[in-house]
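Read in order, the letters of the sequence shown are residues -19 to 515 in the working numbering.
All residues carry an ideal CB built from backbone N, CA and C; glycine is no exception.
Report on the following structure.
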Amino acid sequence: MLVFEIVIALLLGGAGLAALSRRMGTPYPALVALAGAVLALVPGSPELVLDPELALTLFVAPVLLDAAFDASPRDLRANWRPVAGLALGAVGVTVVAVAVAVKWKVPAMPWAAAIALGAIVAPPDAAAATAVLKQLKPPHRLLVILEGESLFNDASALLIYRLALGTVAAGGVLGWSAVPTLLVVTAGSALLGVVLSRVSLRINASVEDVSTAVITQFGSTFAVWILAERLHLSGILTTVVYAMTISRQASIMTPARIRIPSYAVWEVATFVLNVLAFVLVGFQLKPIVARFDRATWLESAAIAAVVTGAAILARFAWVLGAAAFNRWRQRKSSSNLVTLSPGAAVLVGWCGMRGIVTLAAALALPTGHEGAAAFPYRDLILFTSFSVVLGTLVVQGMTLRPLMSRLKLGDDGEVDHEVRLARVETLRAGLEATRDAPGSEMAALVLRRYELQLRRARQLLDEHTLTGTGSPSAPWGPPTEDARTVRAAMAAGRRKLAELRANGTIGDAAFQQVEQELDWSELDLQQLLRAEAAD
-19 MLVFEIVIAL LLGGAGLAAL SRRMGTPYPA LVALAGAVLA LVPGSPELVL DPELALTLFV
41 APVLLDAAFD ASPRDLRANW RPVAGLALGA VGVTVVAVAV AVKWKVPAMP WAAAIALGAI
101 VAPPDAAAAT AVLKQLKPPH RLLVILEGES LFNDASALLI YRLALGTVAA GGVLGWSAVP
161 TLLVVTAGSA LLGVVLSRVS LRINASVEDV STAVITQFGS TFAVWILAER LHLSGILTTV
221 VYAMTISRQA SIMTPARIRI PSYAVWEVAT FVLNVLAFVL VGFQLKPIVA RFDRATWLES
281 AAIAAVVTGA AILARFAWVL GAAAFNRWRQ RKSSSNLVTL SPGAAVLVGW CGMRGIVTLA
341 AALALPTGHE GAAAFPYRDL ILFTSFSVVL GTLVVQGMTL RPLMSRLKLG DDGEVDHEVR
401 LARVETLRAG LEATRDAPGS EMAALVLRRY ELQLRRARQL LDEHTLTGTG SPSAPWGPPT
461 EDARTVRAAM AAGRRKLAEL RANGTIGDAA FQQVEQELDW SELDLQQLLR AEAAD
């Protein structure tokens, strides 16, 4: 009963802190992490021990799938250079910088343990940055780069993390012998993700009940992760490929009455997991902090400060250096290479807040229970990891809004234009589908309504195309007459919307916004059908 009461209190506290963070314009993980740190220092607070093997699966798998499901392959392909540079180059530089820094402060620490710490703190959490940036509406490309990085930097960092753990267990040293293993794991994880997505789509297509569908979605997410881990593959890479593959077909196969509530459940679930992860680490730190005397406190704090500085500076140096090099290449070769401006590079470099992956990876280090050997310097690594998360969230997260305002990187209107274009095309397809409807008075009214909606949508698109302005991108009202005729129109609109995404005319951000509008229209349509049947 005590644990239940604590969890309820944590969730209520997390909800309150999230509301406060929105008013302050800061990432809510920053305030939740501060609360977790305070809990670790409160005398008399309970000790909650989390199973290390559970940490990554419970906290990372659903959050990662939720982010990967919304990713746009078109936008990622267009920005693959900066995304790959951050996911591979920035992660590699950070791992090396942190490992060297911690070895300088703790010479007795094995290199494998130092590299493990570097891999733990290397991947930034884009959710913390984009939560603030989306309110300020920066250029869409920057959001694509940050969100794309978050999908793949976790995979690259945790592959290094797994190798480091295996090296410590075997008592060896990381070397070139690990490269074939990395290649096999990468290829095997991608293949497994594609295969499991096909299986999952067939299962989900046969589910018609909302609650069963949501449970099946969560169950399959954990099953994908667990199966990949049991096969000694990358759970993160498998989950990313699985989610991005399944999202291509799920929009067509999943009806609106299931999609809308399932999206709401996923949003709440990811929020709950983020809150619990940040706060539970505070409880894990409590016994560690209790073992620290004053000298150990000061020494650990100094190590954590050095590692935090190394992590921030390594990313910043890589982003600014890579952006400057690409701009130089563009000038020399006069190529069409898309580069980051100096201001955009500063913003991307500063968006290095660490989050749930760092916390879960630190918690997953072997504890030494049940006869197994404890990971060397586990207490120090856990304390340092939490300090890096807390430091980056507070320092970078709380200064992101003023930095964004100073750099003056405004919205480029790309998504808004694609939304307007998608509305015109879906309305046109729906109008064509209704022209052959039975010539009843109701059908004529529906046809006239679609014509008016299409005329208005074209006007908004023309205004935005010519001037970059126009009315806010608000959803059109759902038709209310002759529901059976409108059903055919909406089906045609959905097919057209899927076609626009498939051929690259619009990205996933625009697709998801218009799809949501169509979903609500479909639900209204079903309500009309029920009312008609009752009459």
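Indicate the three-state DSSP secondary structure (helix, strand or coil) for P104 in the structure shown.
Along the sequence shown, read from residue 1 onward, the residue named residue 104 stands at position 124. In the displayed model, P104 falls within a strand according to three-state DSSP.
In angstroms with no decimal places, state the Cα-to-Cα distance between A149 and H212.
If you number the sequence shown from 1, residue 149 lands on position 169. If you number the sequence shown from 1, residue 212 lands on position 232. One C-alpha to the other measures close to 15 Å.
For W84, which residues from the same chain have a beta carbon less than 8 Å from its beta carbon, with the 5 sequence-adjacent residues on both sides left out?
Position 104 of the sequence shown, counting from 1, holds the residue named residue 84. Only V286 meet the Cβ criterion.
Check this for me: beta carbons of A10 and L362, under 8 Å apart or not?
For the purposes of this step, residue 10 is identified with residue 30 of the sequence shown, where counting begins at 1. For the purposes of this step, residue 362 is identified with residue 382 of the sequence shown, where counting begins at 1. Contact: no.
Within a Cβ cutoff of 7 Å, which residues of the same chain sit near I268, ignoring the five residues on either side of it in sequence?
Here residue 268 refers to the residue found at position 288 when the sequence shown is read from its first residue. D359, L362, F363.
Once you ignore the five residues that flank L434 on each side, which residues in its own chain have a CB closer than 8 Å to its CB?
The residue given as residue 434 occupies position 454 in the sequence shown. The residues are V404, L407, R408, L411.
For E129 versus A67, is the C-beta spacing smaller than 8 Å?
The count along the sequence shown starts at 1 and reaches residue 129 at position 149. The count along the sequence shown starts at 1 and reaches residue 67 at position 87. Yes, the pair counts as a contact, with Cβ atoms nearer than the cut-off.
Take the Cβ of E431 as the centre, count every other Cβ of all protein chains shown within 10 Å, and call the residue buried at 16 or more, exposed below.
For the purposes of this step, residue 431 is taken as the residue at position 451 of the sequence shown. Exposed is the call here.
Per DSSP, what are the beta-bridge partners of R334 in this structure?
Position 354 of the sequence shown, counted from the first residue, corresponds to residue 334. Answer by DSSP bridge pairing, in chain order: P104.
Are the beta-carbon atoms of A99 and A137 separated by less than 8 Å?
Indexing the sequence shown from 1 puts residue 99 at position 119. Indexing the sequence shown from 1 puts residue 137 at position 157. Yes.
With the cut-off set at 8 Å, would you say A294 and T74 are in Cβ contact?
Within the sequence shown, residue 294 is the residue found at index 314, counting from 1. Within the sequence shown, residue 74 is the residue found at index 94, counting from 1. Closer than 8 Å, so yes.
Hey, is the stretch 167 to 177 in contact with the stretch 201 to 215, meaning 3+ C-beta pairs nearer than 8 Å?
yes
Nearest residue (CA-CA) to D391, options A93, S365, L123:
Within the sequence shown, residue 391 is the residue found at index 411, counting from 1. The residue from A93, S365, L123 with its alpha-carbon nearest to that of D391 is L123.
Quick check: what's the CA-CA separation for L253 versus M233?
In the sequence shown, residue 253 corresponds to position 273, counting from 1. In the sequence shown, residue 233 corresponds to position 253, counting from 1. So the two alpha carbons sit approximately 28 Å from each other.
What do you get for V220, buried or exposed, if any count of 16 or more other CB atoms within 10 angstroms of its CB means buried?
As a first step, residue 220 is located in the sequence shown; it is residue number 240 there, counting from the start. By the neighbour-count rule (16 or more Cβ atoms within 10 Å), V220 is buried.
Beta-carbon within less than 8 Å of V368's beta-carbon, same chain only, minus the 5 sequence neighbours each way: which residues are those?
As a first step, residue 368 must be located in the sequence shown, where it is residue number 388. Closer than 8 Å at Cβ, skipping near neighbours: V101, A284, V287, T288, A291, R334, T338.
Close beta carbons around P90, own chain, < 7 Å, minus the five adjacent residues each side
Taking the sequence shown and counting its residues from 1, the one referred to as residue 90 is at position 110. Hits under 7 Å: V148, P356.
Taking all protein chains shown into account, do 16 or more other C-beta atoms lie within 10 angstroms of the C-beta of P42, making it buried, or fewer, making it exposed?
Residue mapping note: residue 42 aligns to position 62 of the sequence shown, counting from 1. Result: buried.
Is the number of C-beta pairs between the stretch 12 to 23 and the stretch 378 to 387 that are closer than 8 Å three or more?
no
Neighbourhood of S180 by C-beta distance below 7 Å, restricted to the same chain and skipping five residues each side
Counted from its first residue, the sequence shown places residue 180 at position 200. Taken in chain order, the residues that qualify are S200, I226.
Please state if the CB of A413 and the CB of A482 are separated by a distance shorter than 8 Å.
Here residue 482 is taken as the residue at index 502 of the sequence shown, counted from 1. Here residue 413 is taken as the residue at index 433 of the sequence shown, counted from 1. For A482 and A413, no; Cβs fall outside 8 Å.
Euclidean distance between Cα positions of A58 and A324
As a first step, residue 58 must be located in the sequence shown, where it is residue number 78. As a first step, residue 324 must be located in the sequence shown, where it is residue number 344. Between A58 and A324, the alpha-carbon positions lie close to 17 Å from each other.
Reduced DSSP secondary structure (H/G/I, E/B, other) of G393:
The residue you call residue 393 lines up with position 413 of the sequence shown. Annotated three-state conformation of G393 is coil, per DSSP.
Contiguous alpha helix (DSSP H) assignments of at least 4 residues, all confined to the stretch 50 to 79
53 to 58, 60 to 64
Taking 8 Å as the cut-off, decide whether the C-beta atoms of R61 and G484 are in contact.
Locating residue 61 in the sequence shown gives position 81, counting from the first residue. Locating residue 484 in the sequence shown gives position 504, counting from the first residue. Going by C-beta atoms, R61 is not nearer than 8 Å to G484.
Alpha carbon of L217 to alpha carbon of R3, nearest angstrom:
Numbered from its first residue, the sequence shown carries residue 217 at position 237. Numbered from its first residue, the sequence shown carries residue 3 at position 23. One C-alpha to the other measures close to 35 Å.
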